[in-house]
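J.: The sequence shown maps to residues 56 to 409 in my numbering. I am attaching a structure below and will ask some questions about it afterwards.
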Amino acid sequence: MVTAPVASAPRRRSIDRSAGWITGLLLALLPAIVTAADDVDAVYFDDTPLSELLTYPDWFKKSFLDLPGDLDEAVNAGKKGIILYFGQKRCPYCERLIDVNFGEPDITRYTRAHFELVPIDIHGIDEVTDLRGTVLSERDLAVREDATFTPTLLFYDADSALALRLRGYYPPFYFRAALEYVVGEHYRREPFNVYLERGDETLTFELGDLVEEDFFSPSPHQLDRSRISAERPLAVFFEQGNCHACTILHGQTLRDPAIRRFFVDELDTVQLDMRSDTPVITPDGRRTSARAWADELGLFYAPAIVFFDESGREILRIDSVAHFFRLRNVLNYVANRGYLYEPAYQRWRTQYGF
């Protein structure tokens, strides 16, 4: 283990965009193992809600929100299916997807060649006819489909089957892989996390030290809450060595006192190397390893934080890019037991979040 770096992070949400030396230092210290340069840039941004409304690319479908009709049109045009894009107009993660991922010409060409992309406003009141013929509002559809973090993308094939769900923002490398996973129909044979590990040698992670925090509970990792309930919710950090996004999490977001106090004062917190054979007893009482548990949970992105309640039930997870603003809202929800009276995080955030 190595000690968490003390980064000169700002007190609140924004990252000093002029501080290029910070990015340069991080890049100098970290080998380029899994992500290309554009992916490194993609995970380093200010996640404060946008001051101006986001504008969608003109190739996003102008849909009447009749999803069976949208799917028929896509298939008749020779495409694989449709992508439902759940977003918000002030969402910085949505902006990242549009500006960074869809700013890559090959990603845009490939997406447009194989899918129609239908935008859904998670706060919208317009009626949607879903692929089963049910009519409901955009907002209710977003809650039903657990579009917890925007952008959430649901990939549907020509048979109306859900091929893949991406909840949150992922850098270009992962997004390209997701497109190829669906277009190549790999979802019929294996989960996305297995496809990623098997399908590309650039996903071979070198062993390296994790960044340690003083609030992480030491091993052995006996997390069983199924027989005797715990007093506090549990946060499990799944990380790996030589992980640029993990270094940003520890060097920036977790240095903020408003974030840090939750992990110190409100939660039980454990860190696992998601590619190790470290023994673990899971919150529901099963013996396994960190690697096997991460695979079972379908985790493919590091860092991921999975939250469990006092009895060992999963509350929600952050398994995509997340910075100060998003993490603070989730921590408020978990630490204040918002899940006890509002199981849908999205509804809770609309009413009580920041």
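Glycine included, C-beta positions come from ideal geometry on N, C-alpha and C. Just so you know, these numbers come straight off a predicted model, no measurement behind them.
Flag this pair as yes or no: are the beta carbons of F115 and P174 separated by less than 9 Å?
T.: Yes, these two residues count as a Cβ contact at 9 Å.
J.: Taking 6 Å as the limit between beta carbons, can you name the residues of its chain near L386, skipping five residues before and five after?
T.: Contacts found: F317.
J.: Provide the residue span of the beta strand (DSSP E) that contains L139, from first to last.
T.: Unbroken beta strand (DSSP E) run through L139: 136–142.
J.: Could you give the uninterrupted runs of the beta strand (DSSP E) lying entirely in the region 303–391, keeping only those of 3 residues or more?
T.: 323–328, 334–336, 342–344, 359–363, 369–373, all fully within the region 303–391.
J.: Per DSSP, what are the beta-bridge partners of S192 in this structure?
T.: Answer is E182, bridged to S192.
J.: Would you kindly work out how many angstroms separate the C-alpha atoms of D181 and F293, rounded to a whole number?
T.: C-alpha separation (whole angstroms): 38 Å.
J.: On the three-state DSSP scale, how would you describe A218?
T.: A218 falls in the strand class under three-state DSSP.
J.: Count the other C-beta atoms from every protein chain shown that fall within 10 angstroms of the C-beta of L108, then say buried if there are 16 or more, exposed otherwise.
T.: Looking at its Cβ environment, which holds fewer than 16 other Cβ atoms inside 10 Å, L108 is exposed.
J.: Should E171 and D212 be called a contact, given that it needs their Cβ atoms to be closer than 9 Å?
T.: Their beta carbons are not under 9 Å apart, which means E171 does not touch D212 by this criterion.
J.: Of the choices P358, R368, Y396, whose alpha-carbon is the least far from that of L418?
T.: No information on residue 418 is available, as it lies outside the stretch 56 to 409 that the chain covers here.
J.: In this structure, how does DSSP classify Q406 when only helix, strand and coil are distinguished?
T.: Note: Q406 maps to helix in three-state DSSP.
J.: Could you check what DSSP says for V266 in three-state terms: helix, strand or coil?
T.: V266: strand per DSSP, three-state reduction.
J.: What number of angstroms, rounded off, separates the C-alpha of P273 from the C-alpha of S331?
T.: If you take the alpha carbons of P273 and S331, they lie about 16 Å apart.
J.: I think P206 touches Y165, with their Cβ atoms under 8 Å apart; what is that distance to the nearest whole Å?
T.: Not really, about 17 Å apart at Cβ, beyond 8 Å.
J.: I believe F270 touches T324 by the beta-carbon criterion, under 8 Å. Please report the beta-carbon distance rounded to the nearest angstrom.
T.: Indeed they touch by this definition, with Cβ atoms about 5 Å apart.
J.: I need the boundaries of the alpha helix (DSSP H) containing E235, first residue and last residue.
T.: It spans 227–238 - the alpha helix (DSSP H) in which E235 sits, taken as one unbroken run.
J.: Do R220 and L208 have their CB atoms nearer than 9 Å?
T.: Contact flag set, yes.
J.: Since R222 contacts F204 with CB under 8 Å, what's their CB separation in whole angstroms?
T.: With 8 Å as the limit, R222 and F204 qualify as a contact, their Cβ atoms being about 5 Å apart.
J.: State buried or exposed for N384, treating a residue as buried only when at least 16 other CB atoms are found within 10 Å of its CB.
T.: Under this definition N384 is a buried residue.
J.: How many Å lie between V190 and L234 at the Cα?
T.: Taking the straight line from one Cα to the other gives about 28 Å.
J.: Leaving out the 5 sequence neighbours to the left and right, which residues in its chain are closer than 8 Å to G353 when beta-carbon positions are compared?
T.: P246, F247, N248.
J.: Expressed to the nearest angstrom, what Euclidean distance is found between the alpha-carbon atoms of R372 and Y400?
T.: Roughly 11 Å between the two C-alpha positions.
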